[in-house]
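The structure appears right after this line, and notes come after that.
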Amino acid sequence: MFKQIIKITRFHNLILGSFAVLISGYLLEVPFSFSTIYCMSIVMIVMSLAYIMNDYIDIESDQINHTYRPLVQNKIKIKSVIVMISILLCLLFILFFKINFLALKFLLLFVLPFTFIYNIYFKNIPIVGNLITSVLLSSIFTFSELVLISTFHILSLPFFLCFVFNFLREMIKDMHDYSGDLHVNSKTAPIYFGKRMMNKFIIVYTALLMAVCLLPYFILQLDNIFLVLLIILIEIPLLYSVFLLIKFPNKKTYKYLSDLLKYLCLGGLLILMLTKNSNIYV
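Position one of the sequence shown corresponds to residue 182 (the working numbering), numbered consecutively onward.
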């Protein structure tokens with residue numbers, strides 16, 4: 182059962198979310214404290230709720246797209262899902278009293294409503310669903326800043342870079358999920374615009390993303406080590422992604438790139454640490 186809980190909550194993604202909170206504290210020069218722990222806990226709980234809800238709603242399409250997921254394999258019963266959600270909501274409610282009012286307001290008025298509305302409605306609207314998911318994931322930086330220092334504008338660069346990377350990954354995930362989404366009459370971008378057109382759009386977007394990632398180095402006049410790591414950890418993998426999208430635009434490629442981009446997000450978080458000495462985090 183524990184292994185299935187790890188799967189349905191995407192524990193590896195929860196670790197990435199927690200790491201983003203730690204990076205936020207590092208960039209803001211805020212010492213590790215209980216506030217950091219509360220922030221990490223809330224991020225992990227909200228992400229878990231989103232993933233569980235997503236798997237429940239997508240159980241029909243996942244019978245084609247993601248046959249290994251616990252709900253599809255009936256390794257977790259619906260009753261157990263209800264219990265898990267109830268426990269997570271109770272823990273979240275307790276943590277509400279551990280953060281400041283601004284952070285709580287952001288959580289209650291933006292993060293939670295859009296998380297639930299996305300799964301119920303927006304995920305079937307072409308591009309819009311991808312944009313909302315990307316904003317929600319990027320808002321980890323905004324929420325962390327609100328919790329740690331009660332401001333929301335300092336971590337704009339991490340927010341933006343996280344957004345553009347996740348938007349790419351969300352589009353690629355939709356390409357991978359094409360068959361199952363088509364089966365349940367979902368209106369994702371590849372279904373609405375066509376797989377061929379979306380593949381071309383993703384190629385162009387990836388090429389532009391490569392250029393965008395270089396901008397901080399030149400604008401902020403960062404050390405050469407930033408450029409070297411950026412090329413090794415981000416630029417070369419993105420270039421390889423373009424090659425695969427051109428030569429092998431198939432489900433296997435989209436699955437591989439979806440997983441690859443997850444690791445690129447981790448590499449991006451590590452590289453962000455090198456921007457600390459610039460003058461943008463003031």
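Idealized CB from N, CA, C, for every residue including glycine.
Near residue 283, which residues of its chain fall below 6 Å by C-beta distance, leaving aside the five closest residues on each side in sequence?
In the sequence shown, residue 283 corresponds to position 102, counting from 1. Counting only Cβ-Cβ distances below 6 Å, and skipping sequence neighbours, we find 327 and 331.
For residue 387, tell me which candidate among 404, 364 and 420 has the shortest Cα-Cα distance.
Start at 1 with the first residue of the sequence shown, and residue 387 comes out as number 206. Closest option to residue 387, Cα to Cα, is 420.
Label residue 413 either buried or exposed according to how many other C-beta atoms from any shown protein chain fall within 10 Å of its C-beta, with 16 as the threshold for buried.
As a position in the sequence shown, residue 413 is number 232, starting the count at 1. Label assigned to residue 413: exposed.
Three-state secondary structure (DSSP) at residue 309?
Your numbering for residue 309 matches position 128 in the sequence shown. Residue 309 falls in the helix class under three-state DSSP.
For residue 364, which of helix, strand or coil comes out of DSSP?
In the sequence shown, counting from the first residue as 1, residue 364 sits at position 183. DSSP places residue 364 within a helical segment (H, G or I) once states are collapsed to three.
Could you tell me the distance, in whole angstroms, from the CA atom of residue 248 to the CA atom of residue 255?
On the sequence shown, residue 248 is found 67 positions in, with the first residue counted as 1. On the sequence shown, residue 255 is found 74 positions in, with the first residue counted as 1. Their Cα atoms are separated by approximately 11 Å.
For the stretch 340-356 against the stretch 311-325, do three or more pairs of beta-carbon atoms, one drawn from each stretch, fall closer than 8 Å, so that the two count as touching?
At 8 Å Cβ cutoff, the stretches touch.
Hey, would you say residue 237 sits closer than 9 Å to residue 268, going by beta carbons?
Residue numbering aside, residue 237 sits at position 56 when the sequence shown is read from its first letter. Residue numbering aside, residue 268 sits at position 87 when the sequence shown is read from its first letter. Between residue 237 and residue 268, the C-beta spacing is not below 9 Å.
Is the beta carbon of residue 442 sitting closer than 9 Å to the one on residue 346?
As a working mapping, residue 442 is identified with position 261 in the sequence shown. As a working mapping, residue 346 is identified with position 165 in the sequence shown. Taking 9 Å as the Cβ cut-off, residue 442 and residue 346 qualify as a contacting pair.
Burial state of residue 290, where buried means 16 or more other Cβ atoms lie within 10 Å:
Counting from 1 along the sequence shown, the entry for residue 290 is found at position 109. It is exposed - the Cβ of residue 290 has fewer than 16 other Cβ atoms within 10 Å.
Is the beta carbon of residue 305 closer than 9 Å to that of residue 369?
Position 188 of the sequence shown, counted from the first residue, corresponds to residue 369. Position 124 of the sequence shown, counted from the first residue, corresponds to residue 305. Yes. Within cutoff.
Cβ pair residue 217, residue 202 closer than 9 Å:
As a working mapping, residue 217 is identified with position 36 in the sequence shown. As a working mapping, residue 202 is identified with position 21 in the sequence shown. Closer than 9 Å, so yes.
Residue 322 and residue 205: beta carbons closer than 9 Å?
Locating residue 322 in the sequence shown gives position 141, counting from the first residue. Locating residue 205 in the sequence shown gives position 24, counting from the first residue. Against a cut-off of 9 Å, the Cβ pair of residue 205 and residue 322 comes out as a contact.
Residue 300: buried (16+ other C-beta within 10 angstroms of its C-beta) or exposed?
Taking the first residue of the sequence shown as position 1, residue 300 is located at position 119. Under this definition residue 300 is a buried residue.
Do the stretch 399-413 and the stretch 359-373 touch if we need at least three Cβ pairs shorter than 8 Å?
no
Quick check on the DSSP output: the alpha helix (DSSP H) that includes residue 296 runs from which residue to which?
Within the sequence shown, residue 296 is the residue found at index 115, counting from 1. Bounds of the alpha helix (DSSP H) holding residue 296 are 293-301.
Can you list, in chain order, the residues of its chain whose CB lies under 6 Å from that of residue 273, leaving out five sequence neighbours each side?
Locating residue 273 in the sequence shown gives position 92, counting from the first residue. The answer, listed in chain order, is 226.
Ordered along the chain, which non-local residues of its own chain (more than five positions away) have a Cβ less than 8 Å from that of residue 207?
Against the sequence shown, residue 207 aligns to sequence position 26. So the list reads 454 and 457, once near-sequence residues are dropped.
Below 9 Å between beta carbons: does that hold for residue 195 and residue 224?
One-based indexing of the sequence shown puts residue 195 at position 14. One-based indexing of the sequence shown puts residue 224 at position 43. The answer is yes: Cβ separation under 9 Å.
Do the CB positions of residue 320 and residue 287 come within less than 9 Å of each other?
Position 139 of the sequence shown, counted from the start, is the residue given in the question as residue 320. Position 106 of the sequence shown, counted from the start, is the residue given in the question as residue 287. In this structure, residue 287 lies closer than 9 Å to residue 320 by Cβ.
Limits of the unbroken alpha helix (DSSP H) element including residue 194
Within the sequence shown, residue 194 is the residue found at index 13, counting from 1. Where residue 194 is concerned, the enclosing alpha helix (DSSP H) starts and stops at 192-208.
Mapping the DSSP letters down to three states, classify residue 332 as helix, strand or coil.
For the purposes of this step, residue 332 is taken as the residue at position 151 of the sequence shown. Residue 332 falls in the coil class under three-state DSSP.
Evaluate residue 324 with the Cβ neighbour count: other Cβ atoms within 10 Å of its Cβ, from every protein chain shown; 16 or more gives buried, anything less gives exposed.
Translated into positions along the sequence shown, residue 324 becomes position 143. So residue 324 ends up on the buried side.
Reduced DSSP secondary structure (H/G/I, E/B, other) of residue 241:
Indexing the sequence shown from 1 puts residue 241 at position 60. Residue 241 falls in the coil class under three-state DSSP.
Taking all protein chains shown into account, do 16 or more other C-beta atoms lie within 10 angstroms of the C-beta of residue 377, making it buried, or fewer, making it exposed?
The residue you call residue 377 lines up with position 196 of the sequence shown. So residue 377 counts as exposed.
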